[in-house]
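Residue 1 is where the sequence shown starts when you use UniProt numbering, and the numbers rise one by one after that. C-beta: ideal position from N, C-alpha, C; glycine also. Have a look at the structure below before the remarks.
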Amino acid sequence: MGKRRRVAERKKVRPGVLGGAVVAVVCGVGFAAYALAGEPETGGSGGADGKAVASGPPTAAEVRTTAREFLAAWAAGDVDRAAALTDDRDAARTALRSYREDARVTKVRLTPGEPASRKSAKVPFKAAATVSYEGNRKRQGAVGTVRKPYAYDSALRVVRRASDGRTLVAWRPSVVHPELKPGDRLVTGEAGNPPIKALDRAGGALTAAKYPSLGTVIDGMRDKYGKKAGGTGGIELRVVRKDARDAARTKTKSDDAKVTPDKTLLTLAPGTPGTLKTTISPKAQAAAERETAKRKRASVVVVKPSTGEILAVANSSPGGFNTAFQGSLAPGSTMKVVSSSMLLEKKLAGVDKKHPCPKYETYGGWKFQNDDKFQIKNGTFRASFARSCNTAFISQAKKLSDDDLTKQARDVFGLGNDNWSIGVSSFDGAVPVQSDAQMAASLIGQGGVRMNPLNMASVAATVKSGTFRQPYLVPPALDRRKLATAARKMSPSTASALRDLMHYTAVAGTAVKPMSGLGADSGAKTGSAEVDGQKKPNGWFTAYRGDVAAAAVVQAGGHGGDSAGPVVRAVLLAGG
1 MGKRRRVAER
11 KKVRPGVLGG
21 AVVAVVCGVG
31 FAAYALAGEP
41 ETGGSGGADG
51 KAVASGPPTA
61 AEVRTTAREF
71 LAAWAAGDVD
81 RAAALTDDRD
91 AARTALRSYR
101 EDARVTKVRL
111 TPGEPASRKS
121 AKVPFKAAAT
131 VSYEGNRKRQ
141 GAVGTVRKPY
151 AYDSALRVVR
161 RASDGRTLVA
171 WRPSVVHPEL
181 KPGDRLVTGE
191 AGNPPIKALD
201 RAGGALTAAK
211 YPSLGTVIDG
221 MRDKYGKKAG
231 GTGGIELRVV
241 RKDARDAART
251 KTKSDDAKVT
261 PDKTLLTLAP
271 GTPGTLKTTI
281 SPKAQAAAER
291 ETAKRKRASV
301 VVVKPSTGEI
311 LAVANSSPGG
321 FNTAFQGSLA
331 PGSTMKVVSS
341 SMLLEKKLAG
351 VDKKHPCPKY
361 ETYGGWKFQN
371 DDKFQIKNGT
381 FRASFARSCN
391 TAFISQAKKL
401 SDDDLTKQAR
411 DVFGLGNDNW
421 SIGVSSFDGA
431 VPVQSDAQMA
441 ASLIGQGGVR
451 MNPLNMASVA
461 ATVKSGTFRQ
471 PYLVPPALDR
481 RKLATAARKM
491 SPSTASALRD
501 LMHYTAVAGT
511 AVKPMSGLGA
521 DSGAKTGSAE
531 VDGQKKPNGW
541 FTAYRGDVAA
551 AAVVQAGGHG
561 GDSAGPVVRA
571 VLLAGG
């Protein structure tokens, strides 16, 4: 009889109105609807009062109960109650209070979903609410309140506190909204930066809908150029980034500091966009989008060697971190282009001079080897470069100073000076001064060397033109900014030798397949970079064809010619 009564009681539970807000809570058979959040249901060690303290992962019933009570309190506007149901009461209280006061979110409805499995402590949920703003919107020509519905998906995770066995929501800013990171805030109000209408080099509109990879890029250009492009701000719900606020407050970073731009989530009243012309080529961008969308963790950048203009940029995860511009990865053997220029200038190598390529080479206590332990007997530097022989470079380490590669990268290729100003945030590469084995490893793109596709596309462009020209996305005439320059040019003979080596690699070396049929005015270099804890290396490829240069990385892609090579081939064929 008691069992039937409890079942009947559970069936009475329905979505209800709590303090003017609605929370939908679905309770299935077998779930204790009236259990207190965190009430121990499993045995454990004794607590301070001698009672048993639950231990181990939360049970399915505990997960669902804790999630339901937290969502109900949040939806009802009971900030203190909701915060008390988390493992970081102060942070949760601040965020949930800001959700209503700063983001101006009301009439919140939170509907919990089902965990992925009975053992999962992660509970997805749907949020539906109204965002309101009341104020004197002179720039929009109206006074009053604007309201719009807003819905999104998020998730929370339930954990057990060791001290008392209680189950709580593991507090993360992403519980409030998946776009939030620590220190970020949701804010509704007049946009600080007016929207922009970004145009490609031919005058066509660039939108995230048409070119997904440009979404974060357009956000970044809006942050920097919104006020300069002639537009007026609208009323928006947006994510205000902590790192952007810090950079603006301290002013210790350059205008192109490596920060994530604010993001608009909902437009309540549109502003008037200003117009901003970019260097993007619609043909190259379309090809870049297609190729990265086919692969996981792929990024590519295309530049014009004669000017430095950026023709395309794309990432497999277009809404995430912009690896193409801001990544910091070991470039593997594509770095041998820079190392080769140094060896050629120092007369430590000559294109057709004999050069050692043994199976192994030891330096600084490390034993280096080639892929599959190959060797080239009585070979030339041309053969070693085309086959990507590691030991051919390691063998020269004993003849170099610790800072030789750093100076070459900085003075000739413009890398590592932290002074590029492309129009949005970017990382300019790093080639730190190192010694012993780490210095030798740097010669083959490992050690402390860090690059991204933007940097390596610039390297190929510098080889093609013979001169470093800083890549840029927004023409410098717009804000009269100065582009970075290199301290010196390669000698014409060194530039010619590098083009000879890269072309030979494209027609007879590791880059043959991706570069097949691309003509006499082309060259390439493959690369594979080992990453600790990763089964396959990152695959790299950098190349040029005519007045187009490109570089791509496919993380965990394996050999660069097989993984990143086809991406670069496609964008080179698209042209500028």
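Cα separation between residue i and residue j?
| i | j | result |
| --- | --- | --- |
| Gly308 | Ala229 | 22 Å |
| Ala495 | Lys126 | 58 Å |
| Gly561 | Ala198 | 34 Å |
| Asp78 | Ala92 | 12 Å |
| Ser299 | Val568 | 10 Å |
| Ala511 | Val548 | 17 Å |
| Thr279 | Leu473 | 5 Å |
| Ala522 | Pro318 | Residue 522 is actually Ser in this sequence, not Ala. C-alpha separation (whole angstroms): 29 Å. |
| Lys107 | Ala128 | 8 Å |
| Leu268 | Lys277 | 26 Å |
| Gly231 | Ile196 | 7 Å |
| Ala461 | Val303 | 7 Å |
| Asn390 | Leu329 | 18 Å |
| Leu443 | Ala409 | 11 Å |
| Phe374 | Leu415 | 31 Å |
| Gln470 | Asp200 | 19 Å |
| Met335 | Gly527 | 8 Å |
| Gly350 | Lys377 | 17 Å |
| Leu311 | Ser281 | 5 Å |
| Ala116 | Pro57 | 15 Å |
Tell me whether residue i is buried or exposed, calling it buried when 16 or more other Cβ atoms sit within 10 Å of its Cβ.
| i | result |
| --- | --- |
| Met439 | buried |
| Phe321 | exposed |
| Gly533 | exposed |
| Ser516 | exposed |
| Asn538 | buried |
| Thr145 | exposed |
| Asp262 | buried |
| His559 | buried |
| Ser435 | exposed |
| Trp366 | exposed |
| Pro149 | exposed |
| Thr323 | buried |
| Ser340 | buried |
Considering Cα atoms alone, identify which of the options is closest to residue i.
| i | options | result |
| --- | --- | --- |
| Arg297 | Ala556, Ala574 and Val459 | Ala556 |
| Ser98 | Val474, Leu110, Ala83 and Arg109 | Ala83 |
| Gln446 | Val424, Ala208, Pro270 and Ser333 | Ser333 |
| Val338 | Val531, Asn455, Asn378 and Ala293 | Asn455 |
| Arg499 | Arg382, Asp411, Lys181 and Gly414 | Arg382 |
| Asp90 | Trp171, Gly165 and Thr391 | Trp171 |
| Ser426 | Phe325, Tyr152, Ser281 and Phe368 | Phe325 |
| Pro182 | Arg241, Trp420 and Ala552 | Arg241 |
| Thr59 | Gly189, Ala67, Lys119 and Ser388 | Lys119 |
| Asp372 | Asn419, Ala72, Lys359 and Thr292 | Lys359 |
| Tyr544 | Ala524, Ala529 and Leu156 | Ala524 |
| Arg166 | Ser384, Val63 and Val554 | Val63 |
| Thr260 | Tyr225, Pro432 and Val424 | Val424 |
I need the boundaries of the alpha helix (DSSP H) containing residue i, first residue and last residue.
| i | result |
| --- | --- |
| Phe381 | Phe381 to Arg387 |
| Trp74 | Ala60 to Ala76 |
| Leu498 | Pro492 to Ala508 |
| Ser528 | Where Ser528 is concerned, there is no enclosing alpha helix (DSSP H), although the beta strand (DSSP E) it sits in stretches over Ser522 to Ala529. |
May I ask which residues mark the beginning and end of the beta strand (DSSP E) holding residue i?
| i | result |
| --- | --- |
| Ser154 | Ala142 to Arg160 |
| Asn53 | Strictly speaking, residue 53 in this sequence is Val, with Asn absent from that position. Segment: none, Val53 is in no beta strand (DSSP E) and carries neither H nor E. |
| Ala550 | Val548 to Val554 |
| Ala198 | Ile196 to Leu199 |
| Ala543 | Asn538 to Arg545 |
Would a check of beta-carbon distances place residue i closer than 7 Å to chain C?
| i | result |
| --- | --- |
| Asn417 | Within the model displayed, chain C is absent; a lone protein chain is all it includes. |
With respect to 6 Å, is the separation between the Cβ of residue i and the closest non-hydrogen atom of the ligand NAP below this value?
| i | result |
| --- | --- |
| Asp562 | This structure lacks the ligand NAP; in fact it carries no ligand of any kind. |
_Every unbroken alpha helix (DSSP H) inside the stretch 408-453 [4 residues or more]_ = 436-442
*Ranges of the beta strand (DSSP E) found wholly within the stretch 338-379, counting only runs of at least 3*: 360-363 and 366-369
*asked:* In chain order, what are the residue ranges of uninterrupted beta strand (DSSP E) at least 3 long that sit wholly in the stretch 92-137?
replied: 105-112 and 122-137
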